[in-house]
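Taking my numbering, the leading residue of the sequence shown gets 33, the next gets one more, and so forth.
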Amino acid sequence: MIPISQGRSRRAVLAGAVCALLVTGTALTGCSEDPNEGTNGVGRLPADQIQSRAQKAAESVGTVRLHGSVVTSGRTYTLDMRLKEQGGVGSVTTKGATFRLLRIGDELYLKADAGFWGQGADGAGGGAAEEGDAADAAAAEKLASKYVKVPQGDPSYKKFIGFTDKSVLLGGLLTLHGELATDGHHEQAGVRTIRVTGDEGSGGTLDVSLEGKPYPLRLVRAGEAGTLTFSAWGTDFPLEEPAEDETLDYGKQLPTS
Numbered sequence: 033m034i035p036i037s038q039g040r041s042r043r044a045v046l047a048g049a050v051c052a053l054l055v056t057g058t059a060l061t062g063c064s065e066d067p068n069e070g071t072n073g074v075g076r077l078p079a080d081q082i083q084s085r086a087q088k089a090a091e092s093v094g095t096v097r098l099h100g101s102v103v104t105s106g107r108t109y110t111l112d113m114r115l116k117e118q119g120g121v122g123s124v125t126t127k128g129a130t131f132r133l134l135r136i137g138d139e140l141y142l143k144a145d146a147g148f149w150g151q152g153a154d155g156a157g158g159g160a161a162e163e164g165d166a167a168d169a170a171a172a173e174k175l176a177s178k179y180v181k182v183p184q185g186d187p188s189y190k191k192f193i194g195f196t197d198k199s200v201l202l203g204g205l206l207t208l209h210g211e212l213a214t215d216g217h218h219e220q221a222g223v224r225t226i227r228v229t230g231d232e233g234s235g236g237t238l239d240v241s242l243e244g245k246p247y248p249l250r251l252v253r254a255g256e257a258g259t260l261t262f263s264a265w266g267t268d269f270p271l272e273e274p275a276e277d278e279t280l281d282y283g284k285q286l287p288t289s
């Protein structure tokens, strides 16, 4: 949490005291504290320019952490990812299963337990099905707790690599839909923000920092498609290949799960 500065609190108290003294005539005009005082100034801009400034700020810095939920193709994914230009690392949860993603360049790794890998097993169909289940269980145990290299031709590669790509992920998220408008001043984790809405909120809402660079700090996606918060803009983090004894190159299409 970033606390509200004591200096700002003292300014607010002083402004209130001055207004309390100026209680007659027209002296009260202008007594309200300017919510944009001491900010980066984007709160004074039209809504479309605020959105544009936020998008440019996000593009200008190499790293970010995002966490929250994304709904795509009717499925909800809970993300906690750290992203940079060279790749990304973090966790994804969907339908009660959690797995870890790691991307370095074009190489994508997925790490999960045996329960995740075994979700594709089908218990119906007699002896042949039982043999198949046994094979699936053996494969699941082999893959469990390893960084499994995802083949680029596997459907999982296309599905999950976007969660590790800063440009792709943010480029698709940081756009509100419909008519843009501002919706007052707010705070996220103690940081002052200006909120921009699309179609009065039905097209999404975006909270943009009023302190320092105008980074996006919170996004509510249109159509109840998830809520994400953004932090650690510009804070670097290590991105390393997993150890050889922790890595498994499956070498073909992964088990269906």
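Virtual Cβ for every residue (Gly too), placed ideally from N, Cα, C.
Check: Could you have a look at Ala156 and say whether DSSP puts it in helix, strand or coil?; Outcome: A caution first: Ala156 carries a pLDDT of 36, below 50, which makes its placement in the model too unreliable to give a value.
Check: I'd like to confirm the pairing. Which residues does DSSP put opposite Arg224 in its beta bridges?; Outcome: Glu219
Check: Classify Thr108: buried if its beta carbon has 16 or more other beta carbons within 10 angstroms, exposed otherwise.; Outcome: exposed
Check: The beta strand (DSSP E) spanning Lys88 covers which residue range?; Outcome: Taken as a continuous stretch (DSSP letters only), Lys88 belongs to no beta strand (DSSP E), being part of the alpha helix (DSSP H) at Ala79 to Ser92.
Check: Which residues in the same chain as Gly194 place their Cβ atom closer than 7 Å to its Cβ, once the five residues preceding and following it in sequence are excluded?; Outcome: Val200 and Leu201
Check: Under a Cβ-count criterion, where at least 16 other Cβ atoms within 10 Å of its own Cβ denotes burial, should Met113 be classed as buried or exposed?; Outcome: buried
Check: Classify Pro248: buried if its beta carbon has 16 or more other beta carbons within 10 angstroms, exposed otherwise.; Outcome: buried
Check: Here's the rule I'm using: 16 or more other beta-carbon atoms within 10 Å means buried, otherwise exposed. How should Ser234 be labelled?; Outcome: exposed
Check: Does DSSP put Glu173 in a helix, a strand or coil?; Outcome: helix
Check: Which one of Gly210, Pro187, Ile226 and Thr207 has the shortest CA to CA distance from Gly216?; Outcome: Ile226
Check: Under 9 Å, Cβ to Cβ, is there at least one residue of chain D near Thr71?; Outcome: Of the protein chains in the structure, only one exists, and it is not chain D.
Check: For Leu260, which residues of its own chain have a beta-carbon under 6 Å away from its beta-carbon, when the five flanking residues on both sides are left out?; Outcome: Leu98, Gly100 and Leu251
Check: Taking the alpha-carbon positions, what's the Gly120 to Asp197 distance?; Outcome: 7 Å
Check: Leaving aside the five residues before and after Asp281 along the sequence, list all residues of the same chain whose C-beta is less than 6 Å from its C-beta, in chain order.; Outcome: Lys181
Check: Under the DSSP definition of a beta bridge, which residues are partnered with Thr108?; Outcome: Val103
Check: CA-CA distance, Ile136 and Phe262?; Outcome: 21 Å
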